[in-house]
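**Q**
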Amino acid sequence: MKVLVTGGAGFIGSHFVEFFLREYSDSTVVNLDCLTYAAHPDTVDRLGQIGGNRYHFYKMDIGDPQVAQVLKAHHIEAIVNFAAETHVDRSILDPQAFVRTNVLGTQNLLQSARKAGNLRFVHVSTDEVYGSLEPQDPTFTEQTPLSPNSPYAASKAGADLLALASQRTYQQDIVITRCTNNYGPYQFPEKLLPLIIANALEDKPIPVYGDGKQVRDWIYVEDHCRGIDAVLRKGKSGEVYNISSSAEVPNLEIIKKTLALLKKPESLITFVGDRPAHDRRYGLNPEKIKNELGWKPKYNLEQGLQLTVDWYRQNRSWWEKVRDQEYFKYYQANYQPKGSKTGEVTS
Ligand code: NAD
Ligand code: DAU
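Add 81 to the 1-based position in the sequence shown for our numbering, that's all there is to it.
1) Does the distance between the C-beta of D298 and the nearest non-hydrogen atom of ligand 1 fall short of 6 angstroms?
2) May I ask you to check if the CB of D208 is nearer than 6 angstroms to at least one heavy atom of ligand 2?
3) Going along the chain, which residues of its own chain have a beta-carbon closer than 7 angstroms to the beta-carbon of N230, five neighbours each way excluded?
4) Please name the residue, chosen from Q384, G385, P367, that lies closest to E223 on a Cα-to-Cα basis.
5) Counting pairs of beta carbons, one from the segment 286-295 and one from the segment 323-336, are three or more of them closer than 8 angstroms?
6) Taking the CB atoms as reference points, tell me whether W392 and P266 lie closer together than 7 angstroms.
7) With distances taken between CB atoms, is the gap from G88 to F163 smaller than 7 angstroms?
8) Compute the minimum distance between the beta carbon of V312 and the heavy atoms of ligand 1, and state whether it is under 6 angstroms.
9) Does the Cβ-Cβ distance between N262 and V302 come in under 7 angstroms?
10) Quick one: what does DSSP say F138 is sitting in, helix, strand or coil?
11) By the three-class DSSP mapping on this structure, what secondary structure does A154 have?
12) Look at the Cβ atom of H96, then the Cβ atom of C260, and state whether they are nearer than 7 angstroms.
13) Among I277, T207, L245, whose alpha-carbon lies nearest the alpha-carbon of N323?
14) Got a sec? Which residues, its chain only, sit under 6 angstroms from Q387 by beta carbon, not counting five neighbours each side?
15) Is the CB of D391 under 7 angstroms away from at least one CB in chain C?
16) Are the CB atoms of V210 and A246 nearer to each other than 7 angstroms?
17) So, at 6 angstroms on beta carbons, what are the nonlocal neighbours of P378 in its own chain, with the 5 sequence-adjacent residues on each side left out?
18) Taking only three categories from DSSP, how would you classify I287?
19) Going by beta carbon distance, what residues of the same chain come within less than 8 angstroms of T351, once the five residues before and after it are set aside?
20) Let me check you understand the geometry: is the CB of T182 closer than 6 angstroms to at least one non-hydrogen atom of ligand 1?
21) Take G133 and list the residues in its own chain whose beta-carbon comes closer than 7 angstroms to its own, dropping the five residues that flank it on each side.
22) To the nearest angstrom, how far is it from the Cα of R103 to the Cα of T124?
23) Nearest CA to the CA of F101: which residue from T117, V84, L273?
24) Check Y416 in the structure and name its three-state DSSP category.
25) Less than 7 angstroms separating the beta-carbons of N189 and D254?
26) Quick check on DSSP: helix, strand or coil for Y264?
27) What's the C-alpha gap between Q217 and K369?
28) Less than 6 angstroms between the CB of C306 and some heavy atom of ligand 1, yes or no?
29) So V169 packs on Y118, CB below 8 angstroms; how close in whole Å?
30) Let me know the secondary structure DSSP gives W299 once reduced to three states.
31) Within the same chain, show all residues whose beta-carbon is closer than 6 angstroms to that of G319, passing over the 5 residues directly before and after it, in chain order.
32) According to DSSP, is K422 part of a helix, a strand, or is it coil?
33) Identify, in the order they occur along the chain, each residue of the same chain with its Cβ nearer than 7 angstroms to the Cβ of L116, setting aside the five sequence neighbours on each side.
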């Protein structure tokens, strides 16, 4: 299969590209990514070495009309759209960038896919579009109404609705995946797990937003990639598939587990102000993808966390390189929820 992967220089996208090239020796992957701050400088070369002449890279924005020419030039059969602005805290600081890429960019891709002859289109979305659960609520199913709370989640919900509308209006071959919180190697160290690990390894404080009792549903990144692949190959057009390992854990608990694996003291835990509109709990029901497509996760939380901690320990230069960048220092200095004035920007 000849696949266009967007956002393949980011965390999950790069894992998917690697998985796809290794799993299918007759595949070709075209990676299209505009290389924002979230793309690691080494990723493009690393994937190039794995893929050889079965791999091509375009530094291009998904909102660029030239995407249509890339599809044509490589006789692309399917698109997997990972490209997005993805960090909730940043969406609170600058929602515009999220609307530009997540909504308008996705719309340009949908249109380009239609012009190129109705390619299979997998749109990678998130459980955050469903909003927040109370402790006793049942987990989100594909039928749960969308109720996003952050600008990030709202922009992803907008893209999901445009994708479903394109499927119905133009009979495009479109499927949507919605997954929970991913973790694993190569995740940018602004997200909770890599941030905890990197800070702990440097004996720096671990910032915990609010009371730390918010619950997230964790999945090892490789399991997510295999779920997307199952949907790409077997998913029914117009359908949404939730992907989850059913591992709901309160933030404080996962932080303590991680510190224990690293043999670092809990005294590093530092409570800070809360994220505005902070979703209390995510929990996703994966029965549909399990029953209809035969997917199931390979890793439980203990196995996944151990692999992740080991990787960050052994690959310090990877995360130190991005933590040294000016943009990272600026963001860290200017966005930390503070005291009672939550999510305050200090300059
Ligand atoms: P990431 O932030 O690590 O990577 C995003 C990639 O997209 C980067 O390489 C970036 O350069 C690229 N990109 C951003 N804007 C672009 C544009 N306009 N044109 C081209 N490329 C652009 O993201 P991630 O965590 O790997 O998430 C990938 C996808 O999975 C996103 O759509 C996200 O919403 C979804 N998702 C993520 C999680 C998670 O826990 N990380 C969970 C569920 C769903
Ligand atoms: O649920 C899927 C989503 O998971 C994806 O769609 C998003 O792209 C991804 O960023 C992630 O969103 P979260 O907001 O859940 O992830 P984040 O790592 O930012 O935060 C996880 C939890 O930890 C959340 O409750 C906020 C809290 N947190 C986060 C950071 C960065 C802290 O307490 N301290 C921190 O420093």
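The beta carbon of each residue, even a glycine, is placed where N, CA and C say it ideally should be.
**A** Taking the geometry as given:
1) As a working note, residue 298 is residue 217 in the sequence shown. Not under cutoff, so the answer is no.
2) Working through the sequence shown from its first residue, we reach residue 208 at position 127. Flag set: Cβ of D208 near ligand 2.
3) Along the sequence shown, read from residue 1 onward, the residue named residue 230 stands at position 149. So the list reads G212, S213, A358, D360, once near-sequence residues are dropped.
4) Within the sequence shown, numbered from 1, the residue matching residue 223 stands at position 142. Nearest C-alpha to E223: P367.
5) yes
6) For the purposes of this step, residue 392 is identified with residue 311 of the sequence shown, where counting begins at 1. For the purposes of this step, residue 266 is identified with residue 185 of the sequence shown, where counting begins at 1. Yes.
7) Within the sequence shown, the letter at position 7 stands for residue 88. Within the sequence shown, the letter at position 82 stands for residue 163. The Cβ atoms of G88 and F163 sit closer than 7 angstroms to each other.
8) Reading the sequence shown from its first residue, position 231 is the one you call residue 312. Result no, Cβ not under 6 angstroms from ligand 1.
9) Locating residue 262 in the sequence shown gives position 181, counting from the first residue. Locating residue 302 in the sequence shown gives position 221, counting from the first residue. Not a contact, by the Cβ cut-off of 7 angstroms.
10) Taking the first residue of the sequence shown as position 1, residue 138 is located at position 57. Looking at F138 - three-state DSSP - the assignment turns out to be strand.
11) As a position in the sequence shown, residue 154 is number 73, starting the count at 1. A154: helix per DSSP, three-state reduction.
12) Taking the first residue of the sequence shown as 1, we reach residue 96 at position 15. Taking the first residue of the sequence shown as 1, we reach residue 260 at position 179. Going by C-beta atoms, H96 is not nearer than 7 angstroms to C260.
13) The count along the sequence shown starts at 1 and reaches residue 323 at position 242. It is T207.
14) Taking the sequence shown and counting its residues from 1, one reaches residue 387 at position 306. Closer than 6 angstroms at the Cβ level, and outside the excluded window around Q387, lies no residue.
15) In summary, chain C is missing from the structure at hand, where a single protein chain is found.
16) Numbered from 1 along the sequence shown, position 129 holds the residue referred to as residue 210. Numbered from 1 along the sequence shown, position 165 holds the residue referred to as residue 246. It is not a contact, given that the beta carbons lie outside the stated cut-off.
17) Numbered from its first residue, the sequence shown carries residue 378 at position 297. Excluding residues within five positions, the ones whose Cβ falls inside 6 angstroms are D304, S326.
18) Position 206 of the sequence shown, counted from the start, is the residue given in the question as residue 287. I287 sits in a strand when the DSSP states are folded into three classes.
19) Within the sequence shown, numbered from 1, the residue matching residue 351 stands at position 270. Taken in chain order, the residues that qualify are P286, I287, P288, V289.
20) Indexing the sequence shown from 1 puts residue 182 at position 101. Yes; taking the cut-off as 6 angstroms, the Cβ of T182 has a heavy atom of ligand 1 nearer than that.
21) On the sequence shown, residue 133 is found 52 positions in, with the first residue counted as 1. Taken in chain order, the list of residues that qualify is empty.
22) The residue labelled residue 103 in the question sits at position 22 within the sequence shown. The residue labelled residue 124 in the question sits at position 43 within the sequence shown. Each residue's alpha carbon lies about 16 angstroms from the other.
23) Here the question's residue 101 lines up with position 20 in the sequence shown. Answer by Cα proximity: V84.
24) Residue numbering aside, residue 416 sits at position 335 when the sequence shown is read from its first letter. Strand.
25) Here residue 189 corresponds to residue number 108 of the sequence shown, with the count starting at 1. Here residue 254 corresponds to residue number 173 of the sequence shown, with the count starting at 1. In this structure, D254 does not lie closer than 7 angstroms to N189 by Cβ.
26) The residue labelled residue 264 in the question sits at position 183 within the sequence shown. Y264 sits in a strand when the DSSP states are folded into three classes.
27) What you label residue 217 is simply residue 136 of the sequence shown in a count that begins at 1. What you label residue 369 is simply residue 288 of the sequence shown in a count that begins at 1. Rounded to the nearest angstrom, the two C-alpha atoms are 22 angstroms apart.
28) Residue numbering aside, residue 306 sits at position 225 when the sequence shown is read from its first letter. Result no, Cβ not under 6 angstroms from ligand 1.
29) To locate residue 169, count along the sequence shown from 1; it is residue 88. To locate residue 118, count along the sequence shown from 1; it is residue 37. At roughly 15 angstroms, the Cβ-Cβ gap does not stay under 8 angstroms, so V169 and Y118 are not in contact.
30) Looking up residue 299 in the sequence shown gives position 218. Correct three-state label for W299: strand.
31) Within the sequence shown, numbered from 1, the residue matching residue 319 stands at position 238. Contacts found: Q248.
32) Mapped onto the sequence shown, residue 422 falls at position 341. In this prediction, K422 scores a pLDDT of 38, lower than 50, which makes its location untrustworthy; no coordinate-derived value is stated.
33) Within the sequence shown, the letter at position 35 stands for residue 116. Closer than 7 angstroms at Cβ, skipping near neighbours: A90, K140.
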